[in-house]
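Residue numbers (my numbering): 1 to 481. Glycine is no exception: its CB is placed at the ideal position from the N, C-alpha and C atoms. One structure is given here, and the rest of the page talks about it.
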Ligand SMILES: Cc1cc2nc3c(=O)[nH]c(=O)nc-3n(C[C@H](O)[C@H](O)[C@H](O)COP(=O)(O)OP(=O)(O)OC[C@H]3O[C@@H](n4cnc5c(N)ncnc54)[C@H](O)[C@@H]3O)c2cc1C
């Protein structure tokens, strides 16, 4: 049978979704506006699409996949479209369908006694956090994009964020999944068991798969006791080595109640105070490095602030800390976090940047930063290092911004050489070139370069078994042509 024409594909989709369930270039008014779905958050890619599907039910997702699989139509799942590596953007062919999960956004069940929640893929992360909070529980994944990213995207990128140190990544928080497979079958495994050793852990294949193995429609997730005591400090440290030593000390002194530990360089304080309204330097004297650390407890009466102050005082005596501001109220705490969370935006507003989302064993971070800084100083005179991140889990955003007055085009033209040098150094330190942002479209060649041949071979075998016609997010993670 000859392939269907684009018009025939559109009428097939319309039969499944109804006219109100899809956007097409030909439709009048807002239903003709595909633009917001075609460009990624960082504006690295701009694609085209035959249609944006907006399913309201799981059955519509499975029917749509069965249809697209039969007609060999590429399908690009999309959540909040905040990916940093172009994972949710279609290619330029204009033949792919974007499947936005945004209307599949129900919280199906929350069981406070079971410490679990079952939510649909299109739930915005902040709404899941809110639902848990209202039930006196905590859903601990927290990211700068939590107001717009969606559960399906968080699961598919195995998102990290600021609490990984204490609660793990998204993968560690999943109890069950519901997934629409390429051939239209539904894997329904939304149990909330903590113990279930029945063969292969099939669901884990879809976590971090970036939409290349199936479309996640819902998940059951772990909850934790709501946090009721917080102590947050913005502390100046002499160097990253002292930051890592301080982390080890705080973990011990607090009985492992450090829930965030973020490294921030001076340049990030300069960028955020310059570009983001309302951000202020919490300390009076300029220092080379800072950490934003937070201790938390589910018991309101736990003296977290006292504990943090005592630990910081001891660290001051030992010169691990040079100066510190401890948040006295929720407003101070929000101000410290605003500084940290607006670093990416401030970087963007300051000019061209080259980004590297890397992880290194925590004990080697200081050496890595020393080596990397030396290389940049010698080889990228028009760039300035902005290395910050979730240092408590070894994750650094080892970014460069163009120096003031540098030529943006010339600076960005160094991307390939800089990336190669940094990723090679990461490999030499036993690290990963993609800590929490995934592969998407941006890092396919990097995966081919750095993954072990056996690992790549297994990935291709799994892809072929689950998506033999290569319709799911073609060209992302693995090259399929
Ligand atoms: C300001 C800011 C801060 C950020 N901070 C962090 C951070 O701290 N940690 C971190 O890990 N990330 C961070 N990110 C990156 C991004 O927000 C996360 O990767 C997020 O998890 C993506 O969710 P999303 O809904 O926007 O997914 P999208 O961008 O829409 O999609 C991401 C990938 O998942 C696939 N996908 C989406 N939904 C589904 C589904 N239902 N089934 C199958 N596949 C699907 C897409 O095809 C794509 O490959 C940040 C981004 C921004 C803009």
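Can you find the residues in the same chain that come closer than 7 Å, C-beta to C-beta, to residue 322, ignoring five residues on each side of it along the sequence?
In the chain shown, the residue the question calls residue 322 occupies position 322. So the list reads 236, 237, 238 and 287, once near-sequence residues are dropped.
Going by alpha carbons, who is nearest to residue 11 out of 38, 264 and 71?
Within the chain shown, the letter at position 11 stands for residue 11. Nearest option by C-alpha distance: 71.
Going by DSSP, name the residue or residues bridged to residue 120.
Residue mapping note: residue 120 aligns to position 120 of the chain shown, counting from 1. Beta-bridge analysis with DSSP links residue 120 to 218.
Do you know how far the Cα of residue 377 is from the Cα of residue 133?
Stepping through the chain shown from its first residue, residue 133 is reached at position 133. Stepping through the chain shown from its first residue, residue 377 is reached at position 377. When rounded, the distance between both Cα atoms is 46 Å.
Exposed or buried, which one is residue 195 when buried takes at least 16 other CB atoms within 10 Å?
Numbered from its first residue, the chain shown carries residue 195 at position 195. Classification of residue 195: exposed, given that the 10 Å Cβ count is below 16.
6 Å Cβ shell around residue 109 - same chain, five flanking residues per side excluded:
If you number the chain shown from 1, residue 109 lands on position 109. Hits under 6 Å: 118.
Regarding residue 41 and ligand 1, is the C-beta to nearest heavy atom distance less than 6 Å?
By one-based count along the chain shown, residue 41 stands at place 41. Under cutoff, so the answer is yes.
Check the DSSP bridge columns for residue 347 and list the partner residues they point to.
On the chain shown, position 347 is the one that residue 347 refers to. In DSSP, residue 347 forms no bridge with anything.
Out of 112, 91, 76 and 477, point me to the one whose CA is closest to residue 225's CA.
One-based indexing of the chain shown puts residue 225 at position 225. Looking at the Cα atoms, 112 is the closest of the given residues.
Can you tell me whether residue 63 is buried or exposed, with buried defined as 16 or more other CB within 10 angstroms of its CB?
Locating residue 63 in the chain shown gives position 63, counting from the first residue. By the 10 Å Cβ count, residue 63 comes out buried.
Residue 24 to residue 82 span [Cα, whole Å]
Translated into the one-based positions of the chain shown, residue 24 becomes position 24. Translated into the one-based positions of the chain shown, residue 82 becomes position 82. Residue 24 and residue 82: Cα-Cα distance of roughly 22 Å.
What three-state label does DSSP hand residue 474 in the structure shown?
Here the question's residue 474 lines up with position 474 in the chain shown. Three-state DSSP puts residue 474 in coil, outside helix and strand.
Nearest to residue 429 by CA position, among 361, 223, 293 and 152, is which residue?
Residue 429 sits at position 429 when you count from the first residue of the chain shown. When each option's Cα is compared against that of residue 429, the closest is 361.
Note down, one range per segment and in chain order, each beta strand (DSSP E) of at least 3 residues found wholly within the segment 420 to 464.
none
Quick check on DSSP: helix, strand or coil for residue 37?
As a working mapping, residue 37 is identified with position 37 in the chain shown. Here residue 37 sits in helix by DSSP.
Taking the continuous alpha helix (DSSP H) assigned at residue 333, which residues delimit it?
Within the chain shown, residue 333 is the residue found at index 333, counting from 1. Unbroken alpha helix (DSSP H) run through residue 333: 330 to 341.
Starting from residue 156, trace the alpha helix (DSSP H) in both directions and tell me its first and last residue.
As a first step, residue 156 must be located in the chain shown, where it is residue number 156. Residue 156 -> alpha helix (DSSP H) spans 151 to 156.
At a threshold of 6 Å, does residue 101 count as lining ligand 1 (C-beta to nearest heavy atom)?
Indexing the chain shown from 1 puts residue 101 at position 101. It does: the Cβ of residue 101 is within 6 Å (strictly closer) of some heavy atom of ligand 1.
DSSP state of residue 176 mapped onto helix, strand, coil
Position 176 of the chain shown, counted from the first residue, corresponds to residue 176. Three-state result, residue 176: strand.
Hey, is residue 121 close to ligand 1, as in C-beta under 6 Å from one of its heavy atoms?
Within the chain shown, the letter at position 121 stands for residue 121. Yes; taking the cut-off as 6 Å, the Cβ of residue 121 has a heavy atom of ligand 1 nearer than that.
Spatial neighbours of residue 120 within its chain, please: C-beta separation below 6 Å, excluding the five flanking residues on both sides.
For this step, residue 120 is matched to residue 120 along the chain shown. Only 104, 105, 106 and 218 meet the Cβ criterion.
Let me know the secondary structure DSSP gives residue 389 once reduced to three states.
Position 389 of the chain shown, counting from 1, holds the residue named residue 389. If DSSP states are grouped into helix, strand and coil, residue 389 belongs with the strands.
Report yes if the C-beta distance between residue 382 and residue 411 is below 7 Å; otherwise report no.
As a working note, residue 382 is residue 382 in the chain shown. As a working note, residue 411 is residue 411 in the chain shown. A contact, by the Cβ cut-off of 7 Å.
Tell me residue 399's beta-bridge partners as DSSP assigns them.
If you number the chain shown from 1, residue 399 lands on position 399. Its beta-bridge partners are 386.
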